[in-house]
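Asks: Questions regarding the structure given below will be posed in turn.
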């Protein structure tokens, strides 16, 4: 599989699912909303994109697995469908989004497209250099410099994503990045690994670099920059993946089961899916079997309401364009809710999002066709994206500390504050469209929060811990 592990996993899962005739697929269907009766989910309403018709699917258990909301940022590594729809639907039914201020940046995305240059590049021995060819990570607590081709965990390029991304920001502020038509970058240099190893271990990276930035990694370094990658927060669930609505489960990046805290470790989301994906399925089966019947008239009325809202959106008259609003939203999120944050820029983002919400009410859908109407589809996605983005921005503004992926530059907020902010943020969207925040306690089991150390400092900490254990054993 080389560096196409995820690609092959997806294909294997899809092909395996086709072997089970009892799995009914609804390809080219777009979910518009869930149906809820008396605090219990009763199904959903979807649009058949091939025909332009609405479909009602009744179910006493629904599992949300819609991914994160990386597309609310202009520069991101996510696929085009990762727009926060599932989060937005849950939010509209009173389920809070938890810890939405924590958004992980990946340090090596391609400029412009945001396409990911996988961690495997650095795991194989790739290095990051600034415009002077200097391996700058040693200046940001991840040194001393490791020999070429000998990567070491917690050192230099194998430092954590947030710290490596922050180092880029500092280099940019110092004027040490490279200016390109697609923005400022540093270089990911793989040339010393040699052509044979690159084509054996990183063939997909070679393809992507050639296709999207016109670079052959065998001969030239790849221009990269940090891009939004993963939403640590999501739909609040309990340990069984169930939300405050009975029968509504959430799993994966759209959920917040509490596994990742403020800063996910690379690859942990795959382990999360294996464990909690199965758990969600098992729990959903049990819930569906014991749910009983809902109020048929109330469910039908709610489905009719979904259809009416869709008609209102299609017939909306105004001069606004969804693409322009989406682009402005992405830029506002980059400025105010990026790698480092200040109250001034966060407030600017909050104000901008409020303006965009008003403009969204005047979006005009120009495509009047009923078949594969992507104009309509993108407008619906934008509505969810704006609501989720507001949760992110308000949650970030209210957390007056620095923790994990949420890093502030204003005085008094640059360090972790466990006394006042060792708690979960819960973002609700009230009926009048305002974002309301509440908080819940963090349950600490075996490992309390501690300082993260890397490079030489990590080595010293490991040696001190080993000496302490030895002393206790001999004591």
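Numbering (this note's numbering), first residue to last: 3 to 477. Note that beta-carbon positions come from the ideal geometry of N, C-alpha and C, so glycine has one too.
1. Buried or exposed: which applies to residue 194, given that a residue is buried once 16 or more other Cβ atoms fall within 10 Å of its Cβ?
2. According to DSSP, simplified to helix, strand and coil, what is residue 167?
3. Check each candidate in 224, 74, 241, 4 and name the one with the smallest Cα separation from residue 445.
4. Using 8 Å as the cut-off, can you tell me whether the region 119-135 makes contact with the region 175-190, which would need three or more C-beta pairs spanning the two stretches below that distance?
5. Which parts of the region 44-98 are runs of the beta strand (DSSP E), unbroken and 3 residues or longer, counting only runs that do not cross its ends?
6. How far does the beta strand (DSSP E) with residue 277 in it extend, from its first residue to its last?
7. Which residues in the same chain as residue 301 place their Cβ atom closer than 7 Å to its Cβ, once the five residues preceding and following it in sequence are excluded?
8. Specify whether the region 113-120 and the region 429-438 touch according to this definition: at least 3 beta carbon pairs, one from each stretch, less than 8 Å apart.
9. Is the closest heavy atom of the ligand PLP to the C-beta of residue 352 under 7 Å?
10. For residue 463, which of 318, 156, 15, 34 has the nearest alpha-carbon?
11. Can you name the residues that DSSP bridges to residue 431?
12. In whole angstroms, what is the alpha-carbon distance linking residue 352 and residue 322?
13. Name the DSSP beta bridge partners of residue 251, please?
14. Which residues mark the beginning and the end of the beta strand (DSSP E) in which residue 37 is found?
15. Measure the C-alpha to C-alpha separation of residue 233 and residue 81 and round it to an integer number of angstroms.
16. Quick check on this structure: which residue in 68, 172, 103, 380 has the alpha carbon closest to the alpha carbon of residue 109?
17. Kindly provide the ranges of any beta strand (DSSP E) runs that are 3 or more residues long and lie completely inside the region 114-194, ordered along the chain.
18. In the DSSP assignment, find the alpha helix (DSSP H) that holds residue 14 and state where it starts and stops.
19. Name the residue from 206, 244, 165, 347 whose alpha carbon lies nearest to the alpha carbon of residue 266.
20. So which of 215, 256, 107 has the shortest CA-CA distance to residue 91?
21. Around the C-beta of residue 468, are 16 or more other C-beta atoms found within 10 angstroms, so that it is buried, or is it exposed?
22. So the alpha helix (DSSP H) residue 338 belongs to, where does it begin and stop?
23. Identify the continuous alpha helix (DSSP H) that holds residue 299 and give its terminal residues.
24. What number of angstroms, rounded off, separates the C-alpha of residue 528 from the C-alpha of residue 31?
25. Going along the chain, which residues of its own chain have a beta-carbon closer than 7 Å to the beta-carbon of residue 148, five neighbours each way excluded?
26. Kindly indicate which residue of 372, 29, 67 has the alpha-carbon position closest to the one of residue 276.
27. Which word fits residue 87, buried or exposed, when buried means at least 16 other C-beta atoms lie within 10 angstroms of its C-beta?
28. Who are the Cβ neighbours of residue 206 in its own chain at under 6 Å, not counting the five residues just before and after it?
29. Using CA atoms only, rank isn't needed, just tell me which of 350, 127, 391, 320 is closest to residue 368.
30. Beta strand (DSSP E) containing residue 390: first to last residue?
31. Any idea if residue 71 is buried or exposed, counting beta-carbon neighbours within 10 angstroms, 16 or more meaning buried?
32. Leaving out five residues on either side along the sequence, give the residues of the same chain with a beta carbon under 8 Å from the beta carbon of residue 199.
33. For residue 329, does the count of other Cβ atoms within 10 angstroms reach 16, so buried, or fall short, so exposed?
34. Judging by CA-CA distance, which residue of 106, 283, 16, 251 is the nearest neighbour of residue 73?
35. Going by other Cβ atoms of all chains shown within 10 Å of its Cβ, with 16 needed for buried, is residue 170 buried or exposed?
36. So the candidates are 49, 418, 335; which of them puts its Cα closest to the Cα of residue 389?
Replies: Reading it off the structure:
1. exposed
2. helix
3. 241
4. yes
5. Within the region 44-98, the complete beta strand (DSSP E) runs of at least 3 residues are 55-60, 64-66.
6. Premise fails: residue 277 lies in the alpha helix (DSSP H), 270-291, not in any beta strand (DSSP E).
7. Within the same chain, residue 301 has close Cβ partners 37, 39, 44.
8. no
9. Only the bare structure without any ligand can be found here, which leaves the ligand PLP out of the picture.
10. 156
11. Residue pairing of residue 431 in beta bridges, as defined by DSSP: 437.
12. 20 Å
13. In the DSSP assignment, the residues bridged to residue 251 are 65, 244.
14. Element bounds for residue 37: 31-39.
15. 13 Å
16. Of all alpha-carbon atoms in 68, 172, 103, 380, the one lying nearest the alpha-carbon of residue 109 is that of 172.
17. Complete beta strand (DSSP E) runs here, min 3: 129-131, 180-182, 185-191.
18. 7-19
19. 165
20. Selected option, being the one with the closest Cα: 256.
21. Its Cβ having fewer than 16 others within 10 Å, residue 468 is exposed.
22. Where residue 338 is concerned, the enclosing alpha helix (DSSP H) stretches over 324-338.
23. 298-316
24. In this structure the chain extends from 3 to 477, so residue 528 is not present and cannot be described.
25. 154, 157, 158
26. 67
27. Counting Cβ neighbours within 10 Å, residue 87 comes out buried, since at least 16 surround it.
28. For residue 206, where only same-chain residues beyond five positions count, the Cβ hits under 6 Å are 5, 6.
29. 320
30. Unbroken run through residue 390 is the alpha helix (DSSP H), 376-400; no beta strand (DSSP E).
31. It is buried - the Cβ of residue 71 has at least 16 other Cβ atoms within 10 Å.
32. 126
33. Residue environment for residue 329: exposed (fewer than 16 other C-beta atoms within 10 angstroms of its C-beta).
34. 106
35. buried
36. 335
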